[in-house]
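Per full-length UniProt numbering, the sequence shown runs over residues 1 to 98.
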Amino acid sequence: MPNLSIKNVPEALAERLRQRAASNHRSLQGELMAIIEQAVDAPPASPPAAATSIERPPAAAGRKTIAQIAEEHRARYPTPLADSPRAVDILRAERDSR
Numbered sequence: 001m002p003n004l005s006i007k008n009v010p011e012a013l014a015e016r017l018r019q020r021a022a023s024n025h026r027s028l029q030g031e032l033m034a035i036i037e038q039a040v041d042a043p044p045a046s047p048p049a050a051a052t053s054i055e056r057p058p059a060a061a062g063r064k065t066i067a068q069i070a071e072e073h074r075a076r077y078p079t080p081l082a083d084s085p086r087a088v089d090i091l092r093a094e095r096d097s098r
């Protein structure tokens, strides 16, 4: 049977798990197994609708829309560099070198 390990569990959380195990008359390992089984058997949470997340304006915490980023890029680089290699050529050369 496989083993699972969780490292760096905060002491407060570990203590709460120990208390929960004791109140359910289980060992800590038995309590953790019960929690995992319950989580796996629960129906998956439905993801938010894609349309609503796309239509929302960006948060005020310094986020930019794709259009804003593209506009800034075009302002910084009005004409493409003629002498630079294409990304596909760089990737192909990188793959071929292996």
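Even for Gly, the Cβ is constructed at its ideal location relative to N, Cα and C.
### Query
How many whole angstroms separate the CB atoms of LEU17 and LEU4, which I take to be in contact at a CB cut-off of 8 Å?
Contact doesn't hold; Cβ gap of about 14 Å is too wide.
### Message
I'd like to check one pair, ALA21 with LEU28: are the Cβ atoms closer than 8 Å?
### Response
yes
### Message
Less than 8 Å between the C-beta atoms of ARG26 and ALA34, yes or no?
### Response
yes
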